[in-house]
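Asker: Structure provided below as structure tokens; questions to follow.
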Amino acid sequence: RSTFGVRGLRLFVDGIPASAPDGQGQTANFPLGSAERIEVIRGPYPALYGSSPGGVIAPYTADGGTPEWRAGVAGGSNGLWRASTQAAGKVGNYNFAVEAASFGTDGFRPQSAASRDSAHLKFSHTTDDGRIVMLLDRQVSAALDPLGLSRAEFNANPAQTTPGATQFNTRKSVQQTQFGLSLQQALGGGHRLELMGYTGERALIQYQAIPVGTQTPASSPGGVIDLQRNYWGLNARWRLDRQYESGRLTASAGLASDRQDEDRRGYNNFIGPALGVQGTLRRNEANRATTLDPYAQLEWDSADWTATVGLRRSTVKLSSSDRYIVPGNPDDSGAVRYAATNPVVGLRYKLAPTVQAYASAGRGFETPTLNEIAYRAFGGTGLNTKLAASRSRSVEAGLRGRGDGRAWTATVFDILTENEIVVLSNTGGRSTFQNAGRTRRRGVELSGEAQWGKLNVTSALTLMNATYADSFTTCDAAPCAAPNVVIPAGNRLPGIARQQAYVQVAWEPGWAGSTFTLEVRHSGDVQANDRNSDAAAAYTVMNLGVRFQQEQGDWQLREFARVDNLAGKTYAGSVIVNEGNSRFFETAPRRSAYVGVELVRRFR
49 RSTFGVRGLR LFVDGIPASA PDGQGQTANF PLGSAERIEV IRGPYPALYG SSPGGVIAPY
109 TADGGTPEWR AGVAGGSNGL WRASTQAAGK VGNYNFAVEA ASFGTDGFRP QSAASRDSAH
169 LKFSHTTDDG RIVMLLDRQV SAALDPLGLS RAEFNANPAQ TTPGATQFNT RKSVQQTQFG
229 LSLQQALGGG HRLELMGYTG ERALIQYQAI PVGTQTPASS PGGVIDLQRN YWGLNARWRL
289 DRQYESGRLT ASAGLASDRQ DEDRRGYNNF IGPALGVQGT LRRNEANRAT TLDPYAQLEW
349 DSADWTATVG LRRSTVKLSS SDRYIVPGNP DDSGAVRYAA TNPVVGLRYK LAPTVQAYAS
409 AGRGFETPTL NEIAYRAFGG TGLNTKLAAS RSRSVEAGLR GRGDGRAWTA TVFDILTENE
469 IVVLSNTGGR STFQNAGRTR RRGVELSGEA QWGKLNVTSA LTLMNATYAD SFTTCDAAPC
529 AAPNVVIPAG NRLPGIARQQ AYVQVAWEPG WAGSTFTLEV RHSGDVQAND RNSDAAAAYT
589 VMNLGVRFQQ EQGDWQLREF ARVDNLAGKT YAGSVIVNEG NSRFFETAPR RSAYVGVELV
649 RRFR
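Numbering follows this note's numbering, in which position 231 of the sequence shown is assigned residue number 279; successive positions increment by one, without gaps.
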């Protein structure tokens, strides 16, 4: 449902939050070029990480070992290009890794060009009884917004852009800098102290396609969003790891606190007849989000059984101080507080040396972000403090196995959510939200990987039925003075496919350091609105790739080529949920190709 970024997931990089204190996250901040591994936590357990019950994604970057330098360039269809360089090394107990990258594309559709410059620095120091990690990240990005297409526009020409996008030059630019520091110190007797702190600043300017006439009322916040955010957080944790004759005990307890200060301004997106420019000030407020979460977790691991229990108490406060008070736009200062206690229990049992059964259950809690409460419904001014937090109960159970070059998992899950936060209206890039009663998500997840000689096969399948369990009312189209359409219980949640499948076959013939890959990706149809009156069709696409690698002494050269959407299929890659003008569909690129090369130098 998020208009930008990631919601419902808690993001970390090397154990330091990449999600803002209010819950909004940006996967674009991930330094994937330096990533050594990516951990994904799903099911009920993410409730132990804060008010984002959907899951946790946590990449960990390489520390740096044997000194090396690498540089790469790539280019392809639609004006895509990327250049990057990395350096890493180790001196005694000190490790460092640095990465800088630039990316750009003209985009598949008009008004869809984008660029991003990023830098990542990691410094770590390890001793016999402790470890210190320091992170510094910087990102500057700019992207034009082609907006969505109506059904008629998509059918007529899926590569076009709606006129409003070019008239108002819809776009967004972001600058972000973040610094993080973590400390681990052994205390003896299996006890350990872990401290983490981070701070950052983020600036965002977005130009929306809000019609001039809509901005006339005094209550309008305009068509330009100007955000300046400063944030910080602290986390102190005690851990105990102790081995007994009958098993291993692991315990932890801690306190996490975060704060985000936001200066939000709104401006008209016109000056006289000129559109897409910053005009008169229409909104000015100081917002704040704070969290305070004590938590604890206990795990007992024996030869066959592993039992886990956890508890987290989350308190989130959102407040606003209005600094734009004029006739027709009164003082809209206010605050709202959310709190919940979320327990989690889990059990794993070894059925055989290579097969394990597992089950878990827990409660989750997700609060609105400052972005989601930024606008009241039906043109009202100030924050939407009536928006409640959603609460969920989730259960999952499954089997997993590993051995003889094969690994697999099979999981069933059931999630019941109360006060689901859903899109009420979405027009010109601006969204308002409401609570929609109960929703239910039930499904099965299967995954596997197998190696047969020079052939490796990786696959995943998700079957999910996500529906509204209660009826509610919502807006049918823009403008909307009040909810005017009843959504019956049983309707599918928009933006979620019932089926998703992925298969990758990789073949390493053993010559020229080559690897050939074939990917097949399938998605079922996706409903575009709560009424289920339109949907993006199901699609299946194939991708081909090849990599080569040569080595000469301390030098290594890598080349790759890739073709996505091999058959040139036309399909909607995503939908804009409940778009008020029925411009739901965002077209995915047709057949596209790109090639690249990377040079590596190791210093032994």
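Cβ coordinates follow ideal geometry from the N, Cα and C atoms, glycine included.
1. Could you check if S204 is buried or exposed, using at least 16 other CB atoms within 10 Å of its CB as the buried criterion?
2. Around the Cβ of D612, are there at least 16 other Cβ atoms within 10 angstroms (buried) or fewer (exposed)?
3. Rounded to the nearest angstrom, what separates G281 and A322 at their Cα positions?
4. Which residues mark the beginning and the end of the alpha helix (DSSP H) in which N203 is found?
5. I64 bridges to which residues according to DSSP?
6. Between which two residues does the beta strand (DSSP E) harbouring T480 extend?
7. With a CB to CB cut of under 8 Å and the five nearest residues on each side skipped, what residues in its chain are close to V364?
8. Suppose the cutoff is 6 Å on Cβ atoms and the five residues either side in sequence are ignored; what does the same chain contact list for G238 look like?
9. At what residues does the alpha helix (DSSP H) containing A213 begin and finish?
10. Who are the near neighbours of K398 in its chain, counting only those whose CB is closer than 6 Å to its CB and skipping five residues on each side?
11. Relative to the alpha-carbon of G657, which residue among I624, P65, S640 has its alpha-carbon at the smallest distance?
12. When you compare each of Y619, M590, R650, S82 to F202 by their alpha carbons, which one comes out closest?
13. State yes or no: is the C-beta of M512 within less than 8 Å of the C-beta of R488?
14. Give the secondary structure of T75 by DSSP, where H, G and I count as helix, E and B as strand, and everything else as coil.
15. Can the beta-carbon of R653 be found closer than 8 Å to that of S440?
16. Could you check if Q345 is buried or exposed, using at least 16 other CB atoms within 10 Å of its CB as the buried criterion?
17. At which residue ranges does the segment 486-515 contain complete beta strand (DSSP E) runs of 3 or more residues, listed in the order of the chain?
18. Is N77 closer than 8 Å to Q187 when the C-beta atoms are compared?
19. Thinking C-alpha only, which one of G120, Y108, R118 is nearest L183?
20. Which one or two residues does DSSP pair with E556 in a beta bridge?
21. Taking C-alpha atoms, which residue in I273, E607, V121, G501 lies nearest to A131?
22. Would you identify the three-state DSSP class for T363, choosing helix, strand or coil?
23. Taking the straight line between their C-alpha atoms, what separation do you get for S581 and S294?
24. When DSSP labels each residue in this structure, what does N316 get in the three-state scheme?
25. Pick helix, strand or coil for Y97, following the three-state DSSP scheme.
26. Pull up the distance between the alpha-carbon of S479 and that of A425, whole angstroms please.
27. For L128, which residues in the same chain have their Cβ closer than 7 Å to its Cβ, ignoring the five residues on either side in sequence?
28. Give me the Cα-Cα distance between R240 and L80, rounded to the nearest whole angstrom.
29. Judging by CA-CA distance, which residue of V88, L435, Q598, P378 is the nearest neighbour of A680?
30. State the start and end residues of the unbroken beta strand (DSSP E) segment that holds D341.
31. Quick one: Cα of E333 to Cα of R312, how far?
32. One question on the structure: do D573 and N626 come within less than 8 Å of each other, judged by their Cβ atoms?
33. Residues in the same chain with beta-carbon distance under 6 Å from Q134, minus the five sequence neighbours each way, listed in chain order, please.
34. Can N316 and G270 be called in contact, C-beta distance under 8 Å?
35. Could you name the residues that DSSP lists as bridge partners for G446?
36. Where do the N-terminal and C-terminal ends of the beta strand (DSSP E) with A383 fall, by residue?
Answerer: According to the structure data:
1. The sequence shown places Ala at residue 204, not Ser. Looking at its Cβ environment, which holds fewer than 16 other Cβ atoms inside 10 Å, A204 is exposed.
2. Buried, because 16 or more other Cβ atoms sit within 10 Å of the Cβ of D612.
3. C-alpha separation (whole angstroms): 42 Å.
4. Segment 199-204, the alpha helix (DSSP H) holding N203.
5. Looking at the DSSP assignment, I64 forms a beta bridge with V61.
6. Here the beta strand (DSSP E) through T480 covers 478-483.
7. Scanning its chain for C-beta atoms nearer than 8 Å, with the 5 sequence neighbours on each side dropped, one finds around V364 the residues D70, S99, A337, T338, T339, R385, Y386, A387, T415, A437, in chain order.
8. Excluding residues within five positions, the ones whose Cβ falls inside 6 Å are L288, D289, R290.
9. Residue range 211-215 is occupied by the alpha helix (DSSP H) that includes A213.
10. Excluding positions up to five away in sequence, the list reads D352, Q404.
11. No statement about residue 657 is possible, as the shown extent of the chain runs from 49 to 652 and does not include it.
12. Comparing Cα-Cα distances from F202 to each of Y619, M590, R650, S82, the minimum goes to Y619.
13. No, Cβ-Cβ distance for M512 and R488 is not below 8 Å.
14. In this structure, T75 counts as helix in the three-state DSSP scheme.
15. Any property of residue 653 remains undetermined from this structure, which presents the chain solely from 49 to 652.
16. Flag for Q345 reads buried.
17. Listed in chain order, they are 487-500.
18. A contact, by the Cβ cut-off of 8 Å.
19. Measuring from the Cα of L183, the nearest candidate turns out to be Y108.
20. DSSP lists no partner for E556.
21. That would be V121, whose Cα lies nearest to the Cα of A131.
22. Under the three-state reduction of DSSP output, T363 falls in the strand class.
23. Near 59 Å, if we compare the C-alpha coordinates of S294 and S581.
24. Looking at N316 - three-state DSSP - the assignment turns out to be coil, as it is neither helix nor strand.
25. Looking at Y97 - three-state DSSP - the assignment turns out to be helix.
26. Rounded to whole angstroms, S479 to A425 spans 9 Å at the Cα level.
27. Contacts found: T153, Y642.
28. It is roughly 30 Å from the alpha-carbon of R240 to the alpha-carbon of L80.
29. Residue 680 lies beyond the range of the chain shown here (49 to 652); nothing can be said about it.
30. Going by DSSP, D341 is part of the beta strand (DSSP E) stretching over 329-349.
31. Cα to Cα, E333 sits roughly 5 Å from R312.
32. When the beta-carbon positions are compared, D573 and N626 stay at least 8 Å from each other.
33. The answer, listed in chain order, is R118, E147.
34. Closer than 8 Å, so yes.
35. Note: G446 sits in a beta bridge opposite Y406, T459.
36. 382-400 is the span of the beta strand (DSSP E), which, as asked, contains A383.
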